[in-house]
Each structure stands twice: as structure tokens, then as C-alpha cells.
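Below you'll find the structure, written out as C-alpha cells, and then a few comments.
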Amino acid sequence: MARKLNLRIWRGDATDGGLKDVQVDVNEGEVVLDVIHRVQATQMGDLAVRWNCKAGKCGSCSMEINGKPRLACMTQVASFGEDETITVTPLRAFPVIKDLVTDVSFNYKKAMEIPAYEPPKELQPGEARMQQVDVERSQEFRKCIECFLCQNTCHVIRDHEENKKSFAGPRFFIRIAELDMHPLDMLKNRKRTAQEEHGLGMCNITKCCTEVCPEHIKITDNAIIPMKERVVDIKYDPARMFAGLLKREKRN
Amino acid sequence: MSGVFSPTRAKIKERTLRTDKWWLEPAITFAVLFSFIIYATFRAFEGANYFTEPLISPFYSPCLSQACVAGSTIFGWTPVSAEIFNFALSPALIILIFPLGFRMTCYYYRKAYYRAFWLSPPACAVAEPHTKYTGETRAPLILQNAHRWFFYAGLVFNVFLTYDAVISFKNSEGQWGHASVGSLVLLVSSTLLWFYSLSCHTCRHTVGGRLKHFSAHPIRYKLWTLVSVLNHKHQQFAWYSLAGVAFADIYVRQVATGAWTNFYFF
Ligand code: SF4
Ligand code: SF4
Ligand code: FES
Ligand code: FES
């Protein structure tokens with residue numbers, strides 16, 4: 001029961017490009033990635049698109065569909081009206097390479113700037129023991145598939161290229177939160193560096209990262225806001241400093 | 253040219269290609285908050301029609317000024333003079349900074365007004381109009397970090413407003429054991445305020461969120477779990493409680509001016 005679908009695909013590279021209209025067959029139950037593949041197979045042999053799993057787990061097929069950052073393999077064609085034209089473009093926060101493929105290396109650079117987990121010195125490999133309640137919060141963040149849709153949507157860098165150098169982005173705020181909440185992580189200054197080096201203060205908690213996350217990670221409520229509160233603890237809470245509560249907290 | 257129009261990005265001239273009604277939510281937020289601000293400003297400066305035995309408007313409680321009408325104060329305690337520099341000060345203006353500061357620095361309202369008023373961003377994946385952006389890293393927005401101070405003040409206010417609700421279970425002669433529509437209005441509005449405060453992100457952080465080891469603090473973990481449940485609904489409580497205080501004020505004003513009669517159940 002194939003029907004015709006009107007699709008507009010952005011074609012081009014770093015120098016120039018634009019939206020191209022195509023008509024393509026679509027079958028019941030298909031996702032946007034399916035029709036893009038059909039276009040590639042039948043009409044635009046050199047159309048560049050990145051994908052791997054077609055199961056919403058590899059995070060490769062991130063693009064913008066009718067202006068919304070989404071995974072193409074998890075977006076049902078049927079979720080749009082039958083006579084609606086579907087517009088697909090590459091992510092608009094990162095440099096475009098070709099057609100629907102962007103250069104997301106910004107994110108790998110930011111990943112390297114976050115110091116790794118630091119285990120207690122006395123522990124030998126295999127000796128670490130943790131209670132489930134202590135790791136639960138961090139586990140939510142481990143669901144991340146690194147699709148970078150949150151990074152792409154975040155207006156701090158999407159709308160301000162110059163902020164890229166000083167802003168790690170929501171994906172890495174959940175990484176920092178994961179480690180800061182980790183019961184055995186020994187690195188002391190994660191809160192301070194989150195604010196002073198990774199740009200936590202640039203986030204204005206407008207929650208677009210949470211809105212687009214395909215893993216439904218509560219990025220803002222469970223990672224960014226708790227980290228902002230932890231920063232207030234060490235930087236902006238005079239009462240706690242005077243009372244010396246800070247020291248006690250560190251031993252927790 | 254910056255942002256989505258930067259040279260390395262895909263060349264697309266539209267600020268957004270979204271086809272849904274992305275502007276609706278910020279437009280509604282703007283309309284509601286703006287109306288509330290206009291009304292609250294008018295009421296704060298009015299300096300009248302805020303008390304009618306046994307009801308007091310939440311905008312004027314606690315009434316601490318020598319200008320407060322008889323019966324509206326807490327045991328006659330009026331530490332603040334009625335005017336400052338020959339300028340007659342409405343009793344509401346003395347206390348307004350606390351609830352106002354609490355809501356202004358609330359993580360949810362920040363999202364709401366950054367989007368609806370400042371368009372930063374107006375909606376997700378819709379390019380914002382500003383050329384520069386520094387977020388909450390410098391003055392004045394760095395002051396958002398004072399949210400917890402307003403949170404504590406808010407708790408004190410909740411106690412006052414709950415007290416107001418309790419003493420509203422009197423008749424207009426001051427005898428206990430009566431209940432009117434007005435007492436219910438104050439009771440609902442102060443209860444909603446408690447839900448708003450207890451669902452606050454700072455509350456969640458304070459009761460247990462800041463811990464590294466939940467297992468070592470079972471009671472705080474339990475509290476954190478409970479507050480987390482409320483926290484999911486913080487946005488709703490923010491709106492309900494705002495509507496609650498606004499309606500409580502309107503109700504008291506209407507009764508005080510004689511436009512409405514405060515109906516007694518018993
Ligand atoms: S909540 Fe913060 S990190 Fe997330 S998209 Fe908004 S500004 Fe970016
Ligand atoms: S946090 Fe969510 S949106 Fe961001 S990279 Fe991970 S899975 Fe993607
Ligand atoms: S192809 Fe793997 S997430 Fe879409
Ligand atoms: S009152 Fe909204 S976060 Fe504290």
C-alpha cells in the first residue's frame with residue numbers, strides 16, 4: 001500500500017546548498033530514515049546520510065525533521081499528515097560536511113575535557129563495591145546514546161558559535177553530574193570546574209535538551225539543576241561557608 | 253552572521269523550519285504572566301481593600317506596617333513605619349520582594365520567562381534574536397544563584413499564610429468554629445503554596461540531593477524520593493499556586509469592597 005510522499009531534502013556542502021524537492025514511495029510503518037534510503041537508492045545515488053542501527057540506539061541518524069532535532073530512524077512517517085511535506089536538514093549547530101552529514105567532532109573534543117572517573121587509591125581492580133541506591137541517579141545518565149541532539153538544540157551554542165569554546169553542553173553536564181554523584185569518584189573539584197571551565201552558568205535551564213533527548217533523560221531537572229545547586233553550595237552560599245558545613249559535606 | 257547562519261553551517265535561510273505552533277506556548281506564558289504582573293502591581297500600590305474580618309489578602313500578609321488597617325496585623329506588631337521619605341508606602345510593598353524574588357529566581361519560572369519574555373530561545377530550535385549571550389554567568393543574572401535564600405523566606409511566608417487560613421475559620425465577630433467560602437479560598441491558596449515550595453528544586457537538593465551516599469542517610473534518601481515525586485510537578489504547582497494567590501486576593505478584595513458577600517457554611 002505504497003503512497004507518494006513529498007520530501008524536501010537539504011543537499012549541499014560547506015560552501016553552498018539548499019532544499020531539494022523529491023517524491024518518493026512510502027509504505028505503511030516506515031520511518032523517515034527508510035524513505036531517505038529509498039531516495040538514495042532510486043533518485044540520488046550520492047546522497048550522504050549517516051546511520052548504523054536503525055533501532056534508536058547508535059545515535060548516528062540525528063538530523064532535523066520539519067525543524068525539530070530528531071533521530072530519523074525513530075520518526076514515523078505516519079506521525080505527519082498525509083499531504084504534509086516533510087523537510088529534512090542536517091543538524092544546524094555543527095559544521096556541515098555533505099548533505100545530511102555534519103561534523104560532530106566538537107562533542108568529542110568536549111568529552112576529552114571532562115576528567116575521567118577517579119577511583120579510591122586503595123582499591124584494586126575488581127574491589128569496588130557500591131549500593132544500588134547510590135548509583136541509581138548516575139545510571140539514568142548512562143542511557144545516553146551520544147546522538148548529540150541535545151548539543152545541537154542547545155541555544156547557547158546553536159545560536160552563538162563563539163560560545164563553543166567555553167561551553168561543554170548538556171550531554172557533558174550529565175557526564176559531570178554522573179561523576180559528581182558517583183559514590184566512589186574521588187576527584188574533588190568537579191563542581192567548581194563545571195562552573196568555571198565547562199560553562200554550566202551559561203545554561204539558562206530553558207530545557208530544550210530535555211525536550212529532544214530520545215532516551216528521555218531528564219537532563220535539566222536531574223543533572224543540570226542539581227549541579228547548579230551544588231555549585232551554589234560551594235560558591236554562592238555564605239551561610240554554609242561560615243558554618244563550616246562545607247567541610248562536613250566534603251566527607252560525605 | 254552567527255548562530256545557525258555561521259559560515260560553516262548548512263546554508264538555510266529560515267530561522268526555523270518548524271511547522272508546528274511553537275509560538276503558542278511562549279505567547280500564552282507571556283499573556284498570563286504579564287496580566288498577573290499588571291494586576292499585582294495595581295494591587296500592591298492600592299493599599300486598601302486587603303482586609304475584611306476574618307480574611308486577609310496574601311499580597312498583604314504579614315501586614316507589618318503602621319499603615320495596616322485594624323485587625324490585619326499579627327498581634328498588632330507593626331515594625332515598619334507607614335511612610336518612607338514622606339512617601340506613603342503600601343504595606344504590600346514592604347514584603348513583596350520575598351514572594352517576587354522567590355518566583356523570579358525559581359528554576360521553572362526562569363525557563364518560562366527566558367523563553368516568553370526574553371526569547372532566549374523563544375522555543376527549541378528556533379533561532380533567538382540576540383547576538384550575544386552569556387547566560388547566568390554575570391550580573392544581574394548571576395543573582396539567580398540566590399534562589400535558596402528566597403526559598404527559605406518563602407517557607408516563612410507559607411507559615412504566615414497558613415496562619416491566615418487557620419484564623420479565617422472565624423465569623424466576622426471573631427468567634428471560632430465558622431467556615432466560609434473565604435476560609436476555603438485561603439486554605440486552598442496556602443496549601444498550594446506549600447506544594448509549590450516543597451516541590452522546589454532547591455528543596456530537593458537540600459533534603460538529600462546534595463548527598464553523595466544515599467545509603468548512609470536513609471531518612472534523607474526517603475525525603476529526597478518524596479520531594480522528587482513532587483518536583484516532577486513543580487511546573488504545575490508554580491501555575492496553580494500563582495492562580496491560587498491571585499484568586500485569594502481578588503476574592504478578599506471583592507468582599508472588602510462589598511461587591512461579593514462572603515458566604516458562610518456554618
Ligand atoms: S537547558 Fe541549558 S543545556 Fe539544556 S538546552 Fe537549555 S541552555 Fe542548553
Ligand atoms: S543526553 Fe540524550 S540527547 Fe543528549 S546525546 Fe545523550 S541521548 Fe542524545
Ligand atoms: S540509526 Fe542508530 S539511532 Fe538511528
Ligand atoms: S521554587 Fe521553583 S525551583 Fe525553587
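Protein sequence lines correspond, in order, to chains A and B. My numbering puts the first residue of the first sequence at 1, with every later residue one more than the last. My numbering puts the first residue of the second sequence at 253, with every later residue one more than the last. Glycine residues also receive a C-beta, built at the ideal position from the N, C-alpha and C atoms.
Considering only residues of the same chain and omitting the five flanking positions on each side of residue i, which have a CB-CB separation below 6 Å?
i: B:S324; result: F303, I308, C315
i: B:L348; result: A296
i: B:A508; result: N301, T304
i: B:F402; result: G353, F354, T357
i: B:V504; result: L307, S309
i: B:L341; result: E335
Which residues in chain A sit within 8 Å of residue i, going by Cβ to Cβ distance?
i: B:A368; result: Ordered by position in chain A, no residue passes the 8 Å Cβ test against B:A368, which lies about 10 Å from the chain.
i: B:Y503; result: Those within 8 Å of B:Y503 in chain A number zero; the least Cβ separation is about 33 Å.
Return the residue from the list the options that minimises the CA-CA distance to residue i.
i: A:K10; options: A:E113, A:R50, A:D221, A:L100; result: The residue you asked about is not Lys; residue 10 of chain A is Trp in the sequence shown. Nearest C-alpha to A:W10: A:L100.
i: B:P310; options: B:S480, B:Q318, B:V411, B:R456; result: B:V411
i: A:K109; options: A:S166, A:C144, A:S60; result: A:S166
i: B:T454; options: B:D416, B:T357, B:G434; result: B:T357
i: B:R270; options: A:P226, A:T87, A:M202, A:A111; result: A:T87
i: A:Q131; options: B:S467, B:H382, B:R390, B:R267; result: B:S467
i: A:C147; options: A:G81, A:V156, A:L91; result: A:L91
i: A:L5; options: A:I97, A:D134, A:R38; result: A:R38
i: B:R362; options: B:P278, B:R261, B:I326; result: B:P278
i: A:L149; options: A:L123, A:T102, A:L179; result: A:T102
i: A:D134; options: B:H469, B:S317, B:F257, B:V332; result: B:H469
i: B:G387; options: A:N52, A:L200, A:T210; result: A:L200
i: B:F294; options: B:A391, B:A498, B:F257, B:F282; result: B:A498
i: A:E64; options: A:V32, A:P125, A:A194, A:Q40; result: A:V32
i: B:S287; options: B:L475, B:F369, B:G299, B:T389; result: B:F369
By the criterion of Cβ-Cβ separation under 7 Å, what are the contact partners of residue i in chain B?
i: A:G17; result: A262, K263
i: A:P119; result: Residues of chain B passing the Cβ test: none, with the nearest at roughly 14 Å.
i: A:K255; result: There is simply no residue 255 of chain A to check, as chain A begins at 1 and stops at 252 in what is shown.
i: A:A14; result: T260
i: A:Y108; result: Those do not exist, as A:Y108 stays about 17 Å from chain B at its closest Cβ, beyond 7 Å.
i: A:D294; result: Because chain A here runs from 1 to 252, residue 294 of chain A falls outside it and cannot be looked at.
i: A:V212; result: C376
i: A:T264; result: Given that chain A is displayed from residue 1 to residue 252, the structure contains no residue 264 of chain A and the question cannot be resolved.
Strictly below 8 Å CB to CB, what residues from chain B border residue i?
i: A:D159; result: S254, G255, V256, P373, A379, E380, H382, Y385
i: A:H216; result: By Cβ distance, chain B contributes nothing, its closest Cβ being about 13 Å from A:H216, past 8 Å.
i: A:R92; result: V256, R261, A262, I264, A377
i: A:H198; result: What A:H198 touches in chain B: nothing, since even the nearest Cβ is about 12 Å away.
i: A:D237; result: R400
i: A:N163; result: Y385
Assuming residue i and residue j make a contact with CB atoms under 8 Å, what is their CB distance in whole Å?
i: B:A379; j: A:D159; result: 6 Å
i: B:H486; j: B:S442; result: At roughly 18 Å, the Cβ-Cβ gap does not stay under 8 Å, so B:H486 and B:S442 are not in contact.
i: A:M227; j: A:F173; result: 6 Å
i: B:G426; j: B:E305; result: 7 Å
i: B:Y312; j: B:A344; result: 5 Å
i: A:E118; j: A:M186; result: 5 Å
i: B:G429; j: B:N514; result: Contact doesn't hold; Cβ gap of about 16 Å is too wide.
i: A:C213; j: A:H155; result: Incorrect: roughly 15 Å between the Cβ atoms, too far for contact.
i: A:I36; j: A:V26; result: Between A:V26 and A:I36 the Cβ distance is about 11 Å, and since that is not below 8 Å, they are no contact.
i: B:A495; j: B:Y360; result: Not quite, the Cβ-Cβ distance comes to about 15 Å (not below 8 Å), so this is no contact.
i: A:L71; j: A:C61; result: 5 Å
Below 9 Å on C-beta distance, what does residue i contact in chain A?
i: B:N338; result: Residues of chain A passing the Cβ test: none, with the nearest at roughly 35 Å.
i: B:N483; result: D221
What in chain B is Cβ-close to residue i, meaning under 9 Å?
i: A:C203; result: G387, E388
i: A:T89; result: A262, I264, L269
Residues of chain A with a CB under 7 Å from the CB of residue i: which are they?
i: B:T454; result: E229
i: B:F466; result: V133, D134
i: B:K363; result: I205, T206, K207
i: B:G461; result: P226, E229
i: B:Y473; result: V133
Within a Cβ cutoff of 7 Å, which residues of the same chain sit near residue i, ignoring the five residues on either side of it in sequence?
i: B:L438; result: L307, D416, A417, S420, A500
i: A:L184; result: P119, P120, A128, M130
i: A:I205; result: T220, I224, I225
i: A:C144; result: R171, I174, E215, I217
i: B:C320; result: T330, P343
i: B:I394; result: E388
Could you pull out every residue in the same chain whose Cβ sits closer than 8 Å to the Cβ of residue i, ignoring the five residues on either side in sequence?
i: B:A431; result: F421, Y516, F517, F518
i: A:R8; result: L19, K20, D21, V22, T85, I86, T87, V88
i: B:S493; result: S441, L444, L445, F447, Y448
i: B:L407; result: S449
Beta carbons nearer than 8 Å to chain A: which residues of the segment 415-435 of chain B have them? Those residues of the segment 415-435 of chain B that come within reach of chain A (Cβ to Cβ, closer than 8 Å) do not exist; the list is empty.
Closer than 8 Å, Cβ to Cβ, to anything on chain A: give me those residues from the segment 386-415 of chain B, in chain order. Using a CB distance below 8 Å, the part of the segment 386-415 of chain B facing chain A consists of T386, G387, E388, T389, L393, I394, N397, A398, H399, R400, ordered along the chain.
For the segment 39-73 of chain A, which residues have a beta carbon sitting closer than 8 Å to at least one beta carbon of chain B? Listed in sequence order: E64, N66, G67, K68, P69.
Under 7 Å, CB to CB, which of the residues in the segment 19-40 of chain A have a partner in chain B? Hits within the stretch: zero.
Check distances from the C-beta atoms of the segment 167-189 of chain A to those of chain B and list, in chain order, the residues that come in under 7 Å. So the list reads M181, P183, given in the order they occur along the chain.
With 7 Å as the C-beta to C-beta threshold (strictly closer), list the residues of the segment 93-104 of chain A near chain B in chain order. Taking 7 Å as the cut-off between beta carbons, the residues of the segment 93-104 of chain A near chain B are P95, V96, in sequence order.
At a CB distance below 7 Å, what residues from the segment 337-359 of chain B approach chain A? Give them in sequence order. Listed in chain order, the positions of the segment 337-359 of chain B with a beta carbon within less than 7 Å of a beta carbon of chain A are Y359.
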